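> Residue numbers (the working numbering): 1096 to 1544.
Idealized CB from N, CA, C, for every residue including glycine.
Computed from a predicted structure; not experimentally measured.
Quick one: structure below, then a few questions.
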Ligand code: AMP
């Protein structure tokens, strides 16, 4: 099947060709014709499958007709995190370049004044995280009665983050005669209920999980004692031939400690976790993208949806609590046809979680040697050695480091807040702008308060 078979306009076919896509992905082939016909859709698919273009492309053609009115967005896309919201906005910029639509992004971390100004001009597409949307709705700054197209993206993640009551409230405020698209990697009962309640006779499309289909990721499991995990990690980082690595930990406190400890050991490491301001997250992400740092220690919430081309390694310092997160995490490598390596450190206590992951991915993760209670010999030996002078292990000059001292009281508060929640907003429009690759989208060019 080609993109031309899907019923998209010539302008969209051109922007798709400009993006360098040869043919539609399975979710795109299945979803686009139905969405263009105005049908509701449940897409069981996750990031990495091309699902974003699966809804953005037909939306552009649908919204091309008609005009927006002040404070009354014509369509709404709900995203669980700011990073995902920004990526969807980027997709609209990329695919909509031959018939640009007006857009606004509502999310924590951007001054509300700018968002209100954008809304008052009238927008075709509103991309929002549920909390900020509810906030603006409560202030009477937004009306949803003209919003005829709703996308609920990453619904299972919304569930994990406690957003389902907000989504129900938002759905109830939209007109009944609307089109609704819901995307989720899994369909736990609350999401099934949500879809039964708010979608009408939806077409269901399910695509294979990229992790099981993605033969480009070599997975390994290193069994290690809990008190040797840091040594094992350092050993891996010193001995693996890697370009760059994302190291995942389950808790924000672990992310912080690990990033500091790796820096002390001479690694060019940074961190990204939900306690950080949006500006710090973006700055750190940019440093990783620009190869200023080669190791990014990350938590799941902050890292969700991060799309960096050419990440050579993903290392799970902690085994994720949710098996789905394993797939999300390792999917940060092996993207765009490149190969990648995913290494998971597992203790005896993790055996149940590993079992659930292996059940989900449908195979055992190859063990990298050693008995469950020991650090593998090569890793243990490596842990005792100083950092090699390779790029990854080279210490960064002091000025490049951006350590943020954290008070004991704050650490205590943060530990209490585990597992991670979306972080507090902060006024950083300028930093959001700096995240952008290419021309600045019109909805970000409004001046800051
Ligand atoms: P998503 O699942 O929406 O996060 O998309 C994952 C990646 O796939 C993004 O980097 C897209 O640019 C890319 N992508 C989307 N559609 C296609 C396609 N038809 N062919 C190749 N790459 C694609």
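(1) My assumption, with CB atoms under 8 Å, is that residue 1171 sits in contact with residue 1239. Please give the rounded CB distance.
(2) Can you give me the start and stop residues for the alpha helix (DSSP H) that residue 1356 sits inside?
(3) Rounded to whole angstroms, how far is the Cβ of residue 1153 from the Cβ of residue 1127, which I believe are closer than 8 Å?
(4) Rank 1323, 1389, 1377 and 1199 by C-alpha distance to the C-alpha of residue 1354 and give the top, closest one.
(5) Going straight from the alpha carbon of residue 1252 to that of residue 1175, what length do you get?
(6) Per DSSP, what are the beta-bridge partners of residue 1408 in this structure?
(7) Does the Cβ of residue 1470 have 16 or more other Cβ atoms within 10 Å, making it buried, or fewer, making it exposed?
(8) Using CA coordinates, which residue listed in 1326, 1335, 1370 and 1270 is at the minimum distance from residue 1347?
(9) Could you name the residues whose beta carbon sits closer than 6 Å to any heavy atom belonging to the ligand AMP, keeping them in chain order?
(10) Identify whether residue 1504 lies in helix, strand or coil by the three-state DSSP scheme.
(11) Report the partner residues of residue 1278 according to the DSSP bridge assignment.
(12) Starting from residue 1124, trace the alpha helix (DSSP H) in both directions and tell me its first and last residue.
(13) Pull up the distance between the alpha-carbon of residue 1403 and that of residue 1157, whole angstroms please.
(14) Would you identify the three-state DSSP class for residue 1459, choosing helix, strand or coil?
(15) What did DSSP end up calling residue 1454 once you bin it into helix, strand or coil?
(16) Go to residue 1366, then tell me how far its alpha helix (DSSP H) extends in each direction, as first and last residue.
(17) Just to confirm my understanding: we take residue 1420, look at its own chain, exclude 5 residues before and 5 after, and list those with CB closer than 6 Å. What are they?
(18) Going by DSSP in three states, residue 1444 sits in which element: helix, strand or coil?
(19) Nearest to residue 1216 by alpha carbon, out of 1196, 1115 and 1290?
(20) Does the region 1279–1294 come into contact with the region 1106–1123, if we say contact requires no fewer than three beta-carbon pairs (one atom in each stretch) closer than 8 Å?
(21) Going by DSSP, which residues form a beta bridge with residue 1199?
(22) Which residues does DSSP list as the beta-bridge partners of residue 1173?
(23) Roughly how many angstroms lie between the CA atoms of residue 1147 and residue 1200, to the nearest whole one?
(24) Mapping DSSP to helix, strand and coil, what is residue 1167?
(25) Where does residue 1389 fall in DSSP's three states?
(26) When you compare the CB positions of residue 1373 and residue 1203, do they come within less than 9 Å of one another, or not?
(27) What does the alpha-carbon distance come out to for the pair residue 1107 and residue 1410?
(28) For residue 1299, list the residues DSSP reports as bridge partners.
(29) For residue 1162, which beta-bridge partners are listed by DSSP?
(30) Report the rounded CA-to-CA distance for residue 1110 versus residue 1162, giving the unit in angstroms.
(31) Please report how far the alpha carbon of residue 1248 lies from the alpha carbon of residue 1188, in whole angstroms.
(32) Excluding the five sequence neighbours on either side, which residues of its own chain have a C-beta within less than 7 Å of the C-beta of residue 1112, listed in chain order?
(33) Hey, how far is the Cα of residue 1136 from the Cα of residue 1458?
(34) Assuming residue 1215 is part of the alpha helix (DSSP H), what are its boundary residues?
Looking at the coordinates:
(1) What you label residue 1171 is simply residue 76 of the chain shown in a count that begins at 1. What you label residue 1239 is simply residue 144 of the chain shown in a count that begins at 1. 7 Å between Cβ atoms; contact.
(2) Your numbering for residue 1356 matches position 261 in the chain shown. Segment 1347–1359, the alpha helix (DSSP H) holding residue 1356.
(3) Here residue 1153 refers to the residue found at position 58 when the chain shown is read from its first residue. Here residue 1127 refers to the residue found at position 32 when the chain shown is read from its first residue. Yes, residue 1153 and residue 1127 are in contact; Cβ-Cβ is about 5 Å, under 8 Å.
(4) On the chain shown, position 259 is the one that residue 1354 refers to. Here the closest residue by C-alpha is 1389.
(5) Position 157 of the chain shown, counted from the start, is the residue given in the question as residue 1252. Position 80 of the chain shown, counted from the start, is the residue given in the question as residue 1175. Spanning the two alpha carbons is a distance of roughly 7 Å.
(6) Taking the first residue of the chain shown as position 1, residue 1408 is located at position 313. Answer is 1340 and 1436, bridged to residue 1408.
(7) One-based indexing of the chain shown puts residue 1470 at position 375. Reliability fails at residue 1470, whose pLDDT of 39 lies under 50, so the model's placement of it is uncertain and the value that follows must be treated cautiously. That one is buried.
(8) Taking the first residue of the chain shown as position 1, residue 1347 is located at position 252. Per the Cα distances, 1370.
(9) 1116, 1119, 1120, 1123, 1142, 1143, 1144, 1145, 1146, 1147, 1148 and 1402
(10) In the chain shown, counting from the first residue as 1, residue 1504 sits at position 409. In this prediction, residue 1504 has a pLDDT of 43, which is less than 50 and means its spatial position is unreliable; what the coordinates show is noted afterwards. In this structure, residue 1504 counts as helix in the three-state DSSP scheme.
(11) Here residue 1278 corresponds to residue number 183 of the chain shown, with the count starting at 1. Per DSSP, 1138.
(12) On the chain shown, residue 1124 is found 29 positions in, with the first residue counted as 1. For residue 1124, the uninterrupted alpha helix (DSSP H) segment begins and ends at 1121–1131.
(13) The sequence position of residue 1403 within the chain shown is 308, counting from 1. The sequence position of residue 1157 within the chain shown is 62, counting from 1. Taking the straight line from one Cα to the other gives about 30 Å.
(14) In the chain shown, the residue the question calls residue 1459 occupies position 364. The answer is coil: DSSP assigns residue 1459 none of H, G, I, E or B.
(15) For the purposes of this step, residue 1454 is taken as residue 359 along the chain shown, with counting starting at 1. Note: residue 1454 maps to helix in three-state DSSP.
(16) In the chain shown, residue 1366 corresponds to position 271, counting from 1. No alpha helix (DSSP H) contains residue 1366, which is instead part of the beta strand (DSSP E) from 1364–1367.
(17) Walking along the chain shown from the start, residue 1420 turns up at place 325. So the list reads 1395, once near-sequence residues are dropped.
(18) Mapped onto the chain shown, residue 1444 falls at position 349. DSSP places residue 1444 in helix when its eight states are reduced to three.
(19) Numbered from its first residue, the chain shown carries residue 1216 at position 121. Nearest C-alpha to residue 1216: 1196.
(20) no
(21) Indexing the chain shown from 1 puts residue 1199 at position 104. Residue 1199 pairs with 1221.
(22) On the chain shown, position 78 is the one that residue 1173 refers to. Residue 1173 pairs with 1223 and 1247.
(23) As a working note, residue 1147 is residue 52 in the chain shown. As a working note, residue 1200 is residue 105 in the chain shown. Using only the alpha carbons, I get a separation of about 16 Å.
(24) Translated into the one-based positions of the chain shown, residue 1167 becomes position 72. Three-state DSSP puts residue 1167 in a strand.
(25) For this step, residue 1389 is matched to residue 294 along the chain shown. DSSP places residue 1389 in coil when its eight states are reduced to three.
(26) In the chain shown, counting from the first residue as 1, residue 1373 sits at position 278. In the chain shown, counting from the first residue as 1, residue 1203 sits at position 108. Yes; because the gap between Cβ atoms is below 9 Å, this pair is in contact.
(27) The residue you call residue 1107 lines up with position 12 of the chain shown. The residue you call residue 1410 lines up with position 315 of the chain shown. Roughly 38 Å separates the two Cα atoms.
(28) Locating residue 1299 in the chain shown gives position 204, where the first residue counts as 1. Partner(s): 1137.
(29) One-based indexing of the chain shown puts residue 1162 at position 67. The partner list for residue 1162 (beta bridge, DSSP) is empty, contrary to what the question assumes.
(30) Along the chain shown, read from residue 1 onward, the residue named residue 1110 stands at position 15. Along the chain shown, read from residue 1 onward, the residue named residue 1162 stands at position 67. For residue 1110 and residue 1162, the distance between alpha carbons rounds to 22 Å.
(31) Here residue 1248 is taken as the residue at index 153 of the chain shown, counted from 1. Here residue 1188 is taken as the residue at index 93 of the chain shown, counted from 1. One alpha carbon belongs to residue 1248, the other to residue 1188, and they sit about 18 Å apart.
(32) Along the chain shown, one-based indexing puts residue 1112 at 17. So the list is empty, once near-sequence residues are dropped.
(33) Here residue 1136 refers to the residue found at position 41 when the chain shown is read from its first residue. Here residue 1458 refers to the residue found at position 363 when the chain shown is read from its first residue. The alpha-carbon atoms of residue 1136 and residue 1458 are separated by roughly 30 Å.
(34) As a working note, residue 1215 is residue 120 in the chain shown. Residue 1215 -> alpha helix (DSSP H) spans 1207–1215.
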